[in-house]
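Step one of this worksheet: look at the structure below.
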Amino acid sequence: MSIAERKDSHLALCLEEQVELPGGDATGFGALRFDHDALPEVDLAAVRTETELLGKKLAAPIVVGAMTGGTARAGEMNRRLARAAERCGVAFALGSQRRMLQDPASRDSYAVRAAAPELRLLFGNLGAVQLNYGVGVAELRALVRDVGADAFNFHLNPLQEAIQPEGDTRFAALLPKLAAVIPELGVPVLLKEIGAGISRTTARKIAALPVAGVETGGLGGTSWAKVESLRAADPARKSLGEAFARWGIPTVESIAACRQALPDRVVVASGGIRNGIEIAKALALGADAVALALPLLKAAEQSWEAAAEELDRLVQELRLAMFLTGCARVSELRARPLSHARDLTAAPRT
Ligand SMILES: Cc1cc2nc3c(=O)[nH]c(=O)nc-3n(C[C@H](O)[C@H](O)[C@H](O)COP(=O)(O)O)c2cc1C
468 MSIAERKDSH LALCLEEQVE LPGGDATGFG ALRFDHDALP EVDLAAVRTE
518 TELLGKKLAA PIVVGAMTGG TARAGEMNRR LARAAERCGV AFALGSQRRM
568 LQDPASRDSY AVRAAAPELR LLFGNLGAVQ LNYGVGVAEL RALVRDVGAD
618 AFNFHLNPLQ EAIQPEGDTR FAALLPKLAA VIPELGVPVL LKEIGAGISR
668 TTARKIAALP VAGVETGGLG GTSWAKVESL RAADPARKSL GEAFARWGIP
718 TVESIAACRQ ALPDRVVVAS GGIRNGIEIA KALALGADAV ALALPLLKAA
768 EQSWEAAAEE LDRLVQELRL AMFLTGCARV SELRARPLSH ARDLTAAPRT
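Here it is, written out as structure tokens:
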């Protein structure tokens, strides 16, 4: 299957099939609660969600997560999502630009600056493993330049590549290559997982790299083992994908691990974040911003306005969570304690 066919089949599967973990709370957010403050000592109207990420001012700490590019359908999705991000003043991340390296005609599908000229923060994207398949500084610089990216995501997806029949699985000796190319890109670089999470072990390795930060891509949202299992024709591969559908680090654990191992870098939380309360919890755990992918893709399938409405909903929910924890500014959430939710009905009677 060509990369273009694969991209469209990923879009179709993510939109039409159940690719999120069933049960809904593999992320770990459901087990945490804020201390509700009935005396918040702040006016709701005074609650502000503005923040700065990688030197860019955003209306809210939200990134439209990295998803797609490379085909006509993917291009339409990118334009709708970028327009929604522009309208709402949040960041936007392109999906893997690998197709651009093979087929210059696919460039239009990534050219979101034309559709959204006021976009505040645009991320480029490529699989880090491509550094082991011939991609070097010249290609990376061209990817950044051609789309006008302000920052760049290298994705780390060993699980997905291992389930794909055409997967690129030569992951040996990537760290020195990353260390060599990152300073040459000319924009800040994040490393991101895509749904199995960045663990403490990985975050410690990343700490030695000249990266601006990470995106957690934790377990609990879109499962790429599941997507690849659905796509596989071969029964052995199908069952391999199913067996690893729950493999990984829950988003909540990944945020905490990344914040601890990378105290001075940017941490973007992602993986199954679905509402503004979870955004507030991610920020309280130490994230600087969050990224959402699948829910925004589903909204953009309808229209760019529907994607913008979904972003507006998230911002309103975040504002209310801030109000109810007495936070006038996003940065104040970091100091708000989270405790483990307890089922009082199950507590023993005294
Ligand atoms: C259709 C689709 C395509 C994706 N393609 C990419 C990609 O090309 N590069 C990347 O870094 N992440 C990609 N992702 C992963 C997301 O950026 C994100 O890490 C993951 O989906 C978890 O977030 P979610 O649970 O909010 O969907 C993709 C996600 C979706 C839904």
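Sequential numbering of the sequence shown, starting at 468, is according to this note's numbering. The C-beta atom is built at its ideal place from N, Cα and C for all residues, glycine as well. Values in this document were obtained by computation on a predicted structure and should not be read as measured data.
Within a 10 Å sphere around the beta-carbon of S573 sit 16 or more other beta-carbons, which makes this residue buried.
Listed in chain order, the alpha helix (DSSP H) elements of length 4 or more contained wholly in the segment 758 to 792 are 761 to 769 and 771 to 790. Rounded to the nearest angstrom, the gap between the Cα atoms of T538 and L642 is 31 Å. Classified as buried, E553 has 16 or more neighbouring CB atoms from the shown chains inside 10 Å of its CB. Residues F501, H503, D504 and P507 of the same chain have their beta carbon placed closer than 8 Å to that of L791, with the five preceding and five following residues left out of the count. Taking a contact to require three or more Cβ pairs closer than 8 Å, the segment 715 to 724 and the segment 524 to 536 do not qualify as touching. Residue environment analysis places T518 among the buried positions, since at least 16 neighbouring C-beta atoms fall within 10 angstroms of its C-beta. Three or more beta-carbon pairs separated by less than 8 Å link the segment 555 to 566 to the segment 586 to 606, which places the two stretches in contact.
In this structure S721 is in contact with I665, their Cβ atoms being roughly 5 Å apart against a cut-off of 8 Å. For the pair E585 and V579, the Cα-to-Cα distance works out to about 10 Å. Contact between L482 and E768 holds, since their C-beta atoms are separated by about 6 Å, short of 8 Å.
Under the 10 Å beta carbon count, R671 is surrounded by fewer than 16 other beta carbons and is classified as exposed. Scanning its chain for C-beta atoms nearer than 7 Å, with the 5 sequence neighbours on each side dropped, one finds around P804 the residues D502, in chain order. The alpha-carbon of A549 is positioned some 11 Å away from that of L764. Annotation for R587: no alpha helix (DSSP H) segment contains it, and DSSP assigns it neither H nor E.
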